[in-house]
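Quick notes on the structure that follows.
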Amino acid sequence: FNYPKNHFTFFQGMLTPKDVSEIISTPPALRAEFLSGISYNRTLFTWLYGYVMFEGEVFYAYHYGQKGQYFGEYIGMAMMRLPAKTYNKYVHLTAAVGDGVSYTEEIFKYENRRDRRSSHWTNYLAIETAMHFLNTPYTIVLRLHHRSSAYGLILNGNTDSNFYCLGLRLSF
Numbered sequence: 019f020n021y022p023k024n025h026f027t028f029f030q031g032m033l034t035p036k037d038v039s040e041i042i043s044t045p046p047a048l049r050a051e052f053l054s055g056i057s058y059n060r061t062l063f064t065w066l067y068g069y070v071m072f073e074g075e076v077f078y079a080y081h082y083g084q085k086g087q088y089f090g091e092y093i094g095m096a097m098m099r100l101p102a103k104t105y106n107k108y109v110h111l112t113a114a115v116g117d118g119v120s121y122t123e124e125i126f127k128y129e130n131r132r133d134r135r136s137s138h139w140t141n142y143l144a145i146e147t148a149m150h151f152l153n154t155p156y157t158i159v160l161r162l163h164h165r166s167s168a169y170g171l172i173l174n175g176n177t178d179s180n181f182y183c184l185g186l187r188l189s190f
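The numbering of the sequence shown is this note's numbering, which starts it at 19 and goes up by one.
In structure tokens form, the structure reads like this:
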């Protein structure tokens, strides 16, 4: 499978009040806070004969919702992608994890719910699975969009937010 090197992804996401540790083990819960975004992703190099791909990504997200807070978010991150499975001649699955930094134009009020120590700058974590349709430029993407203090590594506090995101990726 020859994975394309350049990608634009259009995302739509919804906030979940769950902690990262609860997301996999419990049913989804959603809150009327949203994000819409676009990202540019590029495969920088491969390892182990192309089975592990290392990528760079820049991402802009616009946050909006019922609390009347509207602001932009800028993200830069490195990702590692693994091919999961080619089921047939039409579909190829991959899994990826990314880590980087996130900057918001406003401090997200939801992130201040525990100790009021959120910041414009936080750690960003992405956990993603993607279903690429072979012989087309299209990929369906499911991503967990996670901003946090990284257990005090980025800022002194306990702050986080998580969004379930669905995206359409165009590759070239």
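Note that the Cβ used here is the ideal one computed from N, Cα and C, for glycine as well.
What you are looking at is a predicted structure, and each value in this text was computed from that prediction instead of being measured.
Practice task
May I ask you to report which of helix, strand or coil DSSP gives K85?
Solution key: coil
Practice task
Could you spell out where the alpha helix (DSSP H) holding S167 opens and where it closes?
Solution key: Looking at the DSSP string, S167 is not in any alpha helix (DSSP H), and its letter there is neither H nor E.
Exercise for the section: Counting only the same chain and skipping the five closest in sequence on each side, list residues whose C-beta sits under 6 Å from that of N16. Expected result: Residue 16 falls outside the range modelled here, since the chain spans only 19 to 190, and no answer is possible.
Practice task
Check whether the Cβ atoms of T147 and A96 sit closer than 8 Å, and answer yes or no.
Solution key: no
Exercise for the section: Take E91 as the anchor and find which of F77, R99, L100 and K85 has the nearest alpha-carbon. Expected result: That would be F77, whose Cα lies nearest to the Cα of E91.
Practice task
List the residues that DSSP assigns as beta-bridge partners of A148.
Solution key: T112 and V159
Problem - Pairwise C-alpha distance: A50 and V119 - result: 25 Å
Exercise for the section: Would you grab the beta carbon distance between T27 and R165 for me? Rounded to a whole angstrom, and I think it's under 8 Å. Expected result: With 8 Å as the limit, T27 and R165 do not qualify as a contact, their Cβ atoms being about 18 Å apart.
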